[in-house]
Ligand SMILES: [Zn+2]
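Residue numbers (my numbering): 27 to 171.
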């Protein structure tokens with residue numbers, strides 16, 4: 027959709043949005059979808075405890091929730107500050123789950139070794155710029171290097 031918006035902003039000739047989506051979805055084997063959010067281990071574990079354990083862990087779980095909210099509030103405050111302070115940048119980043127390459131659901135693929143491809147995304151919040159750093163296991167592994 028951003029590509030569509032960019033065409034509009036730059037004054038290129040364009041078709042209406044439903045036609046764009048139809049061509050994009052039917053002629054390019056590419057689809058729009060909302061990426062799955064990572065699940066927090068602490069929250070997920072707490073949800074799976076029985077009621078007795080939940081009672082015992084309630085205090086530490088509530089602290090976890092307070093910390094999570096504090097962290098979000100701080101990020102929003104930092105992003106707000108970065109709008110006016112030129113020397114401040116606020117980024118969020120994530121290493122996506124391994125992308126087996128080539129992708130496919132064909133059963134004969136199941137027994138084949140696939141190349142592990144990684145995507146480390148950095149999002150600069152204020153100018154809304156995304157950087158995807160993509161590499162495969164032949165270049166490097168998942169570590170900080
Ligand atoms: Zn959590």
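Heads up, the beta-carbon is just placed ideally off N, CA and C, and yes, glycines get one too.
Screening all residues for a C-beta within a distance smaller than 5 Å of any heavy atom in ligand 1 leaves 66, 68 and 69, in chain order. According to the DSSP assignment, residue 158 belongs to the beta strand (DSSP E) that extends over 155-162. For residue 146, no alpha helix (DSSP H) run applies; the uninterrupted beta strand (DSSP E) run containing it begins and ends at 141-150, by DSSP. Here residue 44 is not bridged, per DSSP, to any residue. At a Cβ-Cβ threshold of 8 Å, residue 142 and residue 160 do not count as neighbours.
Note that the C-beta distance between residue 168 and residue 121 is below 8 Å. Bounds of the beta strand (DSSP E) holding residue 119 are 117-121.
DSSP places residue 129 outside any beta strand (DSSP E), giving it a letter other than H or E. Annotation: the continuous alpha helix (DSSP H) that includes residue 100 extends over 77-110.
Secondary structure at residue 73: helix, using DSSP grouped into helix, strand and coil. The beta carbon of residue 117 sits closer than 8 Å to the beta carbons of 148, 149, 150 and 151 from its chain, once the five residues preceding and following it are set aside; these are given in chain order. In the three-state scheme derived from DSSP, where H, G and I count as helix and E and B as strand, residue 54 is classed as coil.
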